[in-house]
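Heads up, the sequence shown is in our numbering, so the first residue is 1 and it goes up one at a time. For glycine and all other residues, C-beta sits at the position ideal for the given N, C-alpha and C.
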Amino acid sequence: MALPERFSNLPEYAFPRLRALLSGISPGMEPIVMTIGEPRHAVPEFTGRIMAESIAEFGKYPPNEGSAELLAAISGWIERRHGIAVEPARIMALNGTREGLFNAALALCPEEKAGQRAAILIPNPFYQVYAVAAAAVGAEPVFVPAGPETGFLPRYADLAPEVLDRVAIAYLCSPANPQGSVASEDYLEELIALAERHDFLVFSDECYSEIWRDTPPPGALAVATRMGLADRVVMFNSLSKRSNLPGLRSGFAAGGLKQIAALRRLRSYSGAPLPLPVQRVSAAAWADEAHVDENRALYHAKYAVADRVLGNMPGYQAPQGGFFLWLRVPESIGTGEDAAKKLWTEVGIQVLPGAYLSRDMAGGNPGRDYIRVALVDPAGPTETALNRLKTCLYQGG
């Protein structure tokens, strides 16, 4: 049976495309993989102990929305980090943010808005689950470029009023994947005010929020709360990047009572709650900042490496947060795909072509001339890899 058209039209996911691009090509040097955003720092030391102590709880069905202990820990973290009180009824535990970013569209996007097919705003480039969520609910995806001319953030306010009136959801990622740009409080205030004027929700993907260069990025839910518009935002975060626990699959959504109630209702029918041992570890992780500070210091060291090695290269953009470099490919080399093949063939560096994270638009593909480079290895191997990359792409290697 054929796939529904809305899914069959989706491009192949980024990593199978990369495997096809590099198929049959041997790496020119000892391989260094800088594609996937999987942290390679140590997990918090308490993880194994708490998991072992609660192992018998794998024999129990866990609470669907999250245990009281976990919801209280998340609520406490939000208050410490963002200065707002969010009661546990406005929070739901997730199997990582991807589950929430997808299911929230299922739970909260109407089929029609303003008498027409609903629209979902997506920054371009973007985390691919946003587009799949739009396809799943039958909404029109509206891709909005987020390039150097807009500070690598989408300018949703530039859209025509008749488009904005059909919008049900606007996705935003800050710090952005892949560009590392951070939405300021002014930016968030303008976006939330726009959402209020045109009656749509902001889905704020903040999974990189605890990896930052100089200043903690503001949170959209906190800004909305201070504006008296907390119901306009659903905030998503996880322990994958903050605590080096991507395999734990633990995150949360927080927002207005009605929005979270709808998410919980959908979860009760179709979702898989986190096992209780995972919830115990998660509660401890949200309650502890020492390991997060140590983790951030490791990324600061890699920011310094990237600035030192690549800072004088044309078009280098130092990330404000997250752990990706979004590097423009020299015109003499060609596209991001050309650069990815060259790096793999000549120096064994594996990176992701930017077009695989973007969608073609009337003005072209905004990721076409970029590559994404993940700074997930320790500082030493990262410096080795970036020096190889510099020689290959920027110094005629």
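Cα-Cα separation, Ala350 to Pro31: The displayed chain sequence assigns Gln, not Ala, to residue 350. Spanning the two alpha carbons is a distance of roughly 7 Å.
Segment limits, alpha helix (DSSP H) that includes Met51: Phe46 to Glu53
Assigned secondary structure, Cys109 (DSSP; H/G/I helix, E/B strand, else coil): coil
Val142 - DSSP class collapsed to helix/strand/coil: strand
Neighbour-count burial assignment, Thr97, 16 or more Cβ in a 10 Å radius: Buried, since its Cβ has 16 or more Cβ neighbours within 10 Å.
Exposure label - Gly354; buried when at least 16 CB within 10 Å: Answer is buried; the Cβ neighbour count reaches 16.
One or two residues paired with Trp326 in a DSSP bridge: Arg372, per the DSSP bridge assignment.
Given Ala297 as reference, the closest of Tyr187, Gly322 and Tyr127 once Cα atoms are compared: Gly322
Local Cβ density within 10 Å of Ile74, reported as buried at 16 or more and exposed below that: buried
Separation of Ala304 from Val129, as counted between CA atoms: 31 Å
Those residues which DSSP pairs with Leu117 across a bridge: In the sequence as displayed, the identity of residue 117 is Arg instead of Leu. DSSP lists Glu112 as the beta-bridge partner residues of Arg117.
Chain-order list of residues whose beta-carbon lies under 8 Å from that of Glu337 (same chain, five-residue window excluded): Leu21, Pro353 and Ala355
Whole runs of the alpha helix (DSSP H) within the region 185-252, excluding any shorter than 4 residues: 185-198, 220-226 and 239-242
Buried versus exposed, by CB contacts within 10 Å (16 or more), Gln179: It counts as buried.
Where Leu94 falls: helix, strand or coil (DSSP): strand
8 Å Cβ cutoff met for Gln320 and Trp212: yes
Val351: first and last residue of the uninterrupted beta strand (DSSP E) it sits in: Segment: none, Val351 is in no beta strand (DSSP E) and carries neither H nor E.
Counted within 10 angstroms of its Cβ, other Cβ atoms place Tyr13 as buried (16 or more) or exposed: exposed
Cut-off 8 Å between Cβ atoms - residues of its own chain near Ala301, not counting five sequence neighbours on either side: For Ala301, where only same-chain residues beyond five positions count, the Cβ hits under 8 Å are Ala379.
Beta-carbon spacing of Arg328, Tyr394 below 8 Å: no
Collapsed DSSP secondary structure at Pro154 in the structure displayed: coil
8 Å contact criterion, which Pro121 and Ala160 should meet: CB distance rounded: First, the residue type needs correcting, since residue 121 is Leu and not Pro in the sequence shown. Not really, about 12 Å apart at Cβ, beyond 8 Å.
Ala135 versus Met235: straight-line alpha-carbon distance, rounded: The alpha-carbon atoms of Ala135 and Met235 are separated by roughly 21 Å.
Three-state secondary structure (DSSP) of Leu164: Look at Leu164 here: in three-state DSSP terms it is helix.
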